[in-house]
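Protein chains in written order, with this note's numbering: chain A, 1395 to 1546; chain Y, 1420 to 1711.
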């Protein structure tokens, strides 16, 4: 009986230590945001071009820098983030400033501040739609090893 | 230990020995399933679940603005597959726990309300068969209602918008076939946490013997979980809440996909289900039948 109590106590203590240790790593980190936003932007851009009947156009992102507007010290946690993207389309350099609204379930809505209300015409259906590259959704894996909160 | 519960155990043991003629889980399940299907509340809920997605998408199509702040909201006019996904995102917050509670929260306590426990517990069916038959009926009915909402949303989207190519969570394009698979798999993936909520409702129903509490408490638990999710608090705690697995499908359909949140959510759902079923079973087995 005493041995079982001791085992249970040890298991409880181990669980508490694991929980406390893992609680120190936030789900939303700068590494995860900077790893996920650029490829999602590329796919949203390509979707926008395809819907407008411009064929396959894929930008190449050359630089990404994202920072939390909520937790500016640690650059982590849900809330609003600002991402600056530099990219090229057919060799022409361009820039995008995105407001990333990240929820606590590690998904986000990205909005291009200047163009957030832009619309496009779907060439196939003729419908007027929000421009996918001016606003897109994304999610990232909180169980990966991209735990870095700052690239310094 | 009460005389009645001792007698019940003796009766159960004798029943097990004599054997095969006793109605088992299947018989109880059949009775309970028919009971659930014939209830007005079940039919009314089913009607609402069928009609609501149609009303939603028709309203969206007749306005200029789209719910851009909701996952997949911006694609509601692009592809019919967006409708069931937006409905799933919204329903996961409180509708699905509510469905689980309404069906499972009174399946045991209704017997208390009508004073019929004494009758069924003294019949030849074992307590174990009654518990598992009722539990199975509640879980299957709850799952059926969830899938009914998903099917109605899909049909509404495909009928009003069409089966155009769709996008995954990371804006990658999907063929209509892959879009359909994504919708079906996403709705199936929320069943384990919904069953977890149903297990909580069953347990509360047995413990409190009150249908009101059986329905209300799991919904309140769901809301508390939801409120914690909104807080910027410990992420580890959030991972262990039952509403987090409701969103695990997002990783499965990201590009590249990742399954860790799904498997973690499955484990969390299994723990909640096992824990509350075990507690409910223990209390039900040892219940004093003379109390009603």
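We treat Cβ as the ideally placed atom computed from N, Cα and C, and that holds for glycine.
For residue 1513/A, the beta-bridge partners assigned by DSSP are 1524/A. Contacts with chain Y (Cβ-Cβ distance below 7 Å) from the segment 1476-1506 of chain A involve 1498, 1499, 1501 and 1503, listed in chain order.
The segment 1466-1474 of chain A and the segment 1487-1499 of chain A touch, with three or more beta-carbon pairs separated by less than 8 Å.
Burial state of residue 1480/Y is exposed, judged by a 10 Å Cβ sphere holding fewer than 16 other Cβ atoms. When rounded, the separation of the alpha-carbon atoms in residue 1508/A and residue 1489/A is 12 Å. No Cβ-Cβ contact shorter than 8 Å links residue 1434/A with residue 1596/Y. Membership of residue 1475/A in the beta strand (DSSP E) is indicated by the continuous run 1473-1483.
Selection 1542/A, 1541/A, 1527/A and 1532/A evaluated against residue 1481/A yields 1527/A as nearest (Cα-Cα).
Counting C-beta pairs with one atom in each stretch, the segment 1651-1667 of chain Y and the segment 1552-1561 of chain Y have fewer than three that are closer than 8 Å, which means they do not touch. For residue 1535/A, the chain Y residues whose Cβ falls inside 8 Å of its Cβ are 1670, 1673, 1677, 1679 and 1680, in order along the chain.
Note that the C-beta distance between residue 1587/Y and residue 1644/Y is not below 8 Å.
Contact annotation: residue 1436/A and residue 1452/A have beta-carbon atoms nearer than 8 Å.
Under the Cβ distance rule, residue 1524/A counts among the residues neighbouring chain Y, one pair being separated by less than 8 Å. Annotation: residue 1551/Y to residue 1444/Y spans about 6 Å, alpha carbon to alpha carbon. Within 7 Å of the CB of residue 1700/Y, no CB atom of chain A is found; the nearest one sits about 22 Å away. Beta-bridge partners assigned by DSSP to residue 1489/A: 1480/A. DSSP lists no beta-bridge partner residue for residue 1481/Y. Approximately 4 Å separates the beta-carbon atoms of residue 1634/Y and residue 1524/Y; this is inside 8 Å, confirming the contact. Residue contact check for residue 1517/A against chain Y: no CB pair falls below 8 Å.
As the crow flies, the alpha-carbon of residue 1467/A is around 18 Å from that of residue 1540/A. Between residue 1529/A and residue 1487/Y, the C-beta spacing is below 8 Å. Cβ proximity to chain A below 8 Å picks out 1586, 1588, 1589, 1590, 1591 and 1592 from the segment 1585-1618 of chain Y.
With respect to residue 1625/Y, residue 1684/Y sits apart: the two C-beta atoms are not nearer than 8 Å. Here residue 1453/Y carries a helix assignment [DSSP, helix/strand/coil]. By the 16-neighbour rule on beta-carbons within 10 angstroms, residue 1451/Y is buried. When Cβ-Cβ separations below 8 Å define contact, residue 1485/Y makes contact with chain A.
Fewer than three Cβ pairs drawn from the segment 1467-1479 of chain Y and the segment 1452-1459 of chain Y lie within less than 8 Å of each other, which leaves the two stretches out of contact. Ranking 1428/A, 1426/A and 1439/A by CA distance to the CA of residue 1506/A puts 1439/A first. The three-state reading of DSSP puts residue 1457/A in strand, counting E and B together. Short of 6 Å from the beta carbon of residue 1448/Y, and not among the five residues preceding or following it, lie these beta carbons of its own chain, in chain order: 1552, 1555 and 1556. For residue 1477/A, the CB contacts under 6 Å within the same chain, skipping 5 residues up- and downstream, are 1431, 1460, 1492 and 1494 in chain order. When Cβ pairs closer than 8 Å are counted between the two stretches, the segment 1608-1628 of chain Y is seen to touch the segment 1689-1696 of chain Y, the count reaching three or more.
Annotated three-state conformation of residue 1504/A is strand, per DSSP. Among the residues facing chain A, residue 1648/Y is included, as its CB has a counterpart in that chain under 8 Å away. Under the DSSP assignment, residue 1530/A falls in the beta strand (DSSP E) whose first and last residues are 1529-1533. Under the three-state reduction of DSSP output, residue 1592/Y falls in the strand class.
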